[in-house]
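>
Protein chains: 2
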Amino acid sequence: MPIIAVKTLERLILYRRQLLALFSEGKRFVFSHDLAAISGSTSAKVRRDLMEIGYSGSTVRGYEIKSLIRSLGDFIDASKPLSVILVGAGDLGKAIISYFLERREKLVIAAAFDPDAGKTDGLIRGCPCFHTDRMQSFIRENDIQVAILAVPAGEARAAAAALAEAGITGILNYAPVRLELPDTVYVENRDMCMALEKTAFYARASRERVTMREGFS
Amino acid sequence: MPIIAVKTLERLILYRRQLLALFSEGKRFVFSHDLAAISGSTSAKVRRDLMEIGYSGSTVRGYEIKSLIRSLGDFIDASKPLSVILVGAGDLGKAIISYFLERREKLVIAAAFDPDAGKTDGLIRGCPCFHTDRMQSFIRENDIQVAILAVPAGEARAAAAALAEAGITGILNYAPVRLELPDTVYVENRDMCMALEKTAFYARASRERVTMREGFS
DNA sequence: TATTGGTTGTGATATTTTTCACAGCGCTAT
DNA sequence: ATAGCGCTGTGAAAAATATCACAACCAATA
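For the record, the sequence lines run as chains A and B. Residue 230 is where the first sequence starts when you use our numbering, and the numbers rise one by one after that. Residue 230 is where the second sequence starts when you use our numbering, and the numbers rise one by one after that.
#1: Is A424 of chain A close to chain B, meaning its C-beta is less than 9 Å from at least one C-beta of that chain?
#2: Measure the alpha-carbon distance for R436 of chain A versus R419 of chain B and round it to whole angstroms.
#3: Between the Cα of P411 of chain A and those of A:Y431, A:I400, A:V337, A:A318, spot the shortest distance and give me the residue it belongs to.
#4: What did DSSP end up calling Y328 of chain A once you bin it into helix, strand or coil?
#5: State the beta-bridge partners of E293 of chain B as determined by DSSP.
#6: Count the other CB atoms within 10 Å of the CB of M421 of chain B; is the residue buried (16 or more) or exposed (fewer)?
#7: Start and end of the alpha helix (DSSP H) containing A273 of chain A?
#8: Rounded to the nearest angstrom, what separates C358 of chain A and Y244 of chain A at their Cα positions?
#9: Can you tell me where the beta strand (DSSP E) holding L311 of chain A begins and where it ends?
#10: Please list the terminal residues of the continuous alpha helix (DSSP H) segment that includes L401 of chain A.
#11: Would you say F260 of chain B faces chain A, with C-beta separation under 9 Å as the test?
#12: Figure out for me which residue from B:G255, B:F329, B:G319, B:M280 has the closest Cα to the Cα of T237 of chain B.
#13: Excluding the 5 residues preceding and the 5 following L321 of chain B in the sequence, name in chain order all residues of the same chain whose CB lies nearer than 7 Å to its CB.
#14: Would you report the Cα separation of Q247 of chain A and L408 of chain B, rounded to the nearest angstrom?
#15: For I232 of chain A and G269 of chain B, what's the separation of their Cα atoms in angstroms?
#16: Touching or not, the segment 311 to 321 of chain B and the segment 286 to 297 of chain B, by the rule of three or more beta carbon pairs under 8 Å?
#17: Looking at the structure shown, is S308 of chain A part of a helix, part of a strand, or coil, going by DSSP?
#18: So, at 8 Å on beta carbons, what are the nonlocal neighbours of R433 of chain A in its own chain, with the 5 sequence-adjacent residues on each side left out?
#19: Taking Cβ positions, are P344 of chain A and E384 of chain A nearer each other than 9 Å?
#20: Please report whether the beta-carbon of Y284 of chain A lies at a distance below 9 Å from any beta-carbon of chain B.
#21: For the segment 350 to 373 of chain B, which residues have a beta carbon sitting closer than 9 Å to at least one beta carbon of chain A?
#22: At the level of alpha carbons, what is the spacing between A390 of chain B and L311 of chain B?
#23: Starting from Y244 of chain A, trace the alpha helix (DSSP H) both ways and give me its first and last residue.
#24: Assuming Q374 of chain B contacts T398 of chain B (C-beta within less than 8 Å), just tell me the rounded distance between them.
#25: Would you grab the beta carbon distance between A382 of chain A and P405 of chain A for me? Rounded to a whole angstrom, and I think it's under 8 Å.
#26: Starting from the C-beta of R438 of chain A, find all residues in its chain whose C-beta is less than 8 Å away, skip the five residues before and the five after it, and write them out in chain order.
#27: Within the same chain, show all residues whose beta-carbon is closer than 7 Å to that of F445 of chain A, passing over the 5 residues directly before and after it, in chain order.
#28: Which residues does DSSP list as the beta-bridge partners of P344 of chain B?
#29: I'd like the list of long-range same chain contacts for F329 of chain A, defined as Cβ closer than 6 Å, with 5 residues on each side in sequence excluded.
#30: Return yes when the Cβ of I377 of chain A is within less than 9 Å of the Cβ of C214 of chain A, no when it is not.
#31: Helix, strand or coil for A376 of chain B, going by three-state DSSP, please let me know.
#32: Out of A:I305, A:S308, A:R299, A:L249, point me to the one whose CA is closest to R332 of chain A's CA.
#33: Would you say R299 of chain B faces chain A, with C-beta separation under 9 Å as the test?
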């Protein structure tokens, strides 16, 4: 497994998305500055990032989109498609399922789990949903590595502990709770509250900047 | 408006949440290393971060939680409670509404907007929901600065443009689309797909690390 | 064939962020 | 008193990340 900066990885993922869009528009080659522009990056960063994964372009035509997408995939994805599970089938859980059903990535939601008996053992938005009791055995039987945690804050810690115990190595956590898990488990926190507070902060900063600018003119 | 590193701001927001939890448990003082432990940070970072906002603790008792929460609030929040709007009332929109109804922050979702006539002009999870046609006038009349964008990918760009035109200065974007807007608008992207790919990548790295370790033993 | 123009890949440099490490402080205990 | 302890605040060093800037390249054109 290569060592890579977190920020670089995020950008690589983004580049791939933008490249897929370009490719479906019929584009075949792209220059670093174009890719930078549509990804909110800079050309130097793009070139460095691609250097990290050992990809080379041509000085004349730039990067060949198709092969670059492949190289990015080789780097980012596992060799086999990856099954993930979803824990929590409330509004957010449903949103996540719908979101990933549309997409044809190498990532598939294999099943959802929810403690609410009313929802269980059925299909939610086309995804099989079981009672939480079955979660650990499902993980073990299907060798699941990654889980999306979309349960209420109060249930998050217990659910995460169960996931870790069953052998999960990555959790995408939407609950506004800090999970304390052994460092064999990678946790990515996506807290809406934090995101909104951050946005509000910068919105304020942005407005003040504009106001100030007007003051000078 | 103070200049502050993005990462520092994120940590400050996190500290506040953890401090609120500690306070409600009855704790009154906290040391930098305790706050670090529950926030996934380090004591040196905590001290630096609090230095940034000019907060001082005592060498003997540490930081007084109550006053620190207040200082953090003064720094992070606007002086008045902030109204935000939600664009898109699908599964994700509903999840966001429920999520923020529970919370008693200085951030309130004033209204939701959706182009689907069937859902509109009613209450969704207790939040008033109107037709998208009314969005721009609502923003102007209520001086809304911040919007949460939770529409399908195909609609995101148009919606964002409308928001920017109406004077929004901050967008929390859940659509998997790069928004191109004037730099007077701050955009915070929260792309689920990217988050999941990232988690999967590190889950794989984590598993390989463990496997390797076992190989040595 | 020579020149031009626009790009890549990458050393070198600059900037940002984190960590180290310790002086100085105030309480406690002797 | 005063010695000792464990903390904070912060200069200074280190590490991580981003930017600069340019040699090398190659197609197109003269």
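By construction, the Cβ of each residue, glycine as well, lies at the ideal position given by its N, Cα and C atoms.
Inspection of the coordinates gives the following:
#1: yes
#2: 22 Å
#3: A:I400
#4: helix
#5: B:F258
#6: buried
#7: 272 to 281
#8: 33 Å
#9: 311 to 316
#10: From DSSP, L401 of chain A is part of no alpha helix (DSSP H) but of the beta strand (DSSP E) over 399 to 402.
#11: no
#12: B:M280
#13: A379, Y403
#14: 12 Å
#15: 21 Å
#16: no
#17: coil
#18: none
#19: yes
#20: no
#21: R354
#22: 22 Å
#23: 235 to 253
#24: 5 Å
#25: 5 Å
#26: none
#27: Only weak support exists for where F445 of chain A lies, its pLDDT of 46 falling under 50; the value from the coordinates is given anyway. Cβ neighbours of F445 of chain A beyond the five flanking positions: none.
#28: According to DSSP, P344 of chain B bridges with nothing at all.
#29: I338
#30: Missing from the structure shown is residue 214 of chain A; chain A here goes from 230 to 446 and no further.
#31: strand
#32: A:L249
#33: no
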